[in-house]
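Trainee: Mind looking over this structure? Questions follow.
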Amino acid sequence: MTWTIRPPRAEDQEVLAEIYLSVRRQTFVWVDPGKFYREDFAAHTNGETVFVCEQENGGVAGFLSLWPADDFIHMLYIRPEFQGRGAGTALLQALPEWPQHRYRLKCLVKNRRAKAFYLAHGFRLTGNGASPEGDYEELSFFPL
């Protein structure tokens with residue numbers, strides 16, 4: 001499948017908010033789904049650089065948000081029907097200076113599929129901590 005990575009448009013906001021809400025509710029089954037809201041997307045990406053992954057027919061498959069000041073990948077969310085089909089990889093490869101630049105992120109320990117994805121893309125465990133959604137591991141990508 002061919003992916004296009006682009007900046008978000010105003011008309012993307014609702015679909016991005018829906019992806020963020022629905023994927024969190026489907027993935028983080030150990031968290032009360034009532035703690036997730038559609039408005040979270042705008043609040044949680046405020047000040048971040050968002051990359052949108054679009055499929056060939058123009059539908060949005062997912063997104064990545066980056067806090068550039070810290071090279072911190074805050075979020076990478078892909079609709080379930082596109083998971084495992086290269087959308088997440090395309091988003092990582094669209095990051096500035098990838099793979100010659102160091103990036104880091106936090107991945108919830110219980111989110112084993114996401115951790116496997118990041119490890120397969122060259123991230124390594126560099127720390128850990130706790131959040132309201134559960135324990136997390138910090139993963140860092142070191143340049144090639």
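The UniProt record's numbering puts the first residue of the sequence shown at 1, with every later residue one more than the last.
Every residue gets a Cβ at the ideal spot worked out from N, C-alpha and C, and that includes glycine.
1. Quick check on the DSSP output: the beta strand (DSSP E) that includes Leu76 runs from which residue to which?
2. May I ask which residues mark the beginning and end of the alpha helix (DSSP H) holding Ala10?
3. Name the residue from Arg112, Val31, Gly62, Leu105 whose alpha carbon lies nearest to the alpha carbon of Glu14.
4. Helix, strand or coil for Arg102 per DSSP?
5. Give me the Cα-Cα distance between Arg25 and Pro99, rounded to the nearest whole angstrom.
Mentor: On the basis of the coordinates in this document:
1. Here the question's residue 76 lines up with position 76 in the sequence shown. Unbroken beta strand (DSSP E) run through Leu76: 72–78.
2. As a working mapping, residue 10 is identified with position 10 in the sequence shown. Note, Ala10: premise wrong, no alpha helix (DSSP H); not H, not E.
3. Translated into the one-based positions of the sequence shown, residue 14 becomes position 14. Of the listed residues, the one whose Cα sits closest to Glu14 is Gly62.
4. In the sequence shown, counting from the first residue as 1, residue 102 sits at position 102. Residue state for Arg102 is assigned as coil, using DSSP reduced to three classes.
5. Here residue 25 corresponds to residue number 25 of the sequence shown, with the count starting at 1. Here residue 99 corresponds to residue number 99 of the sequence shown, with the count starting at 1. Those two C-alpha atoms are separated by around 31 Å.
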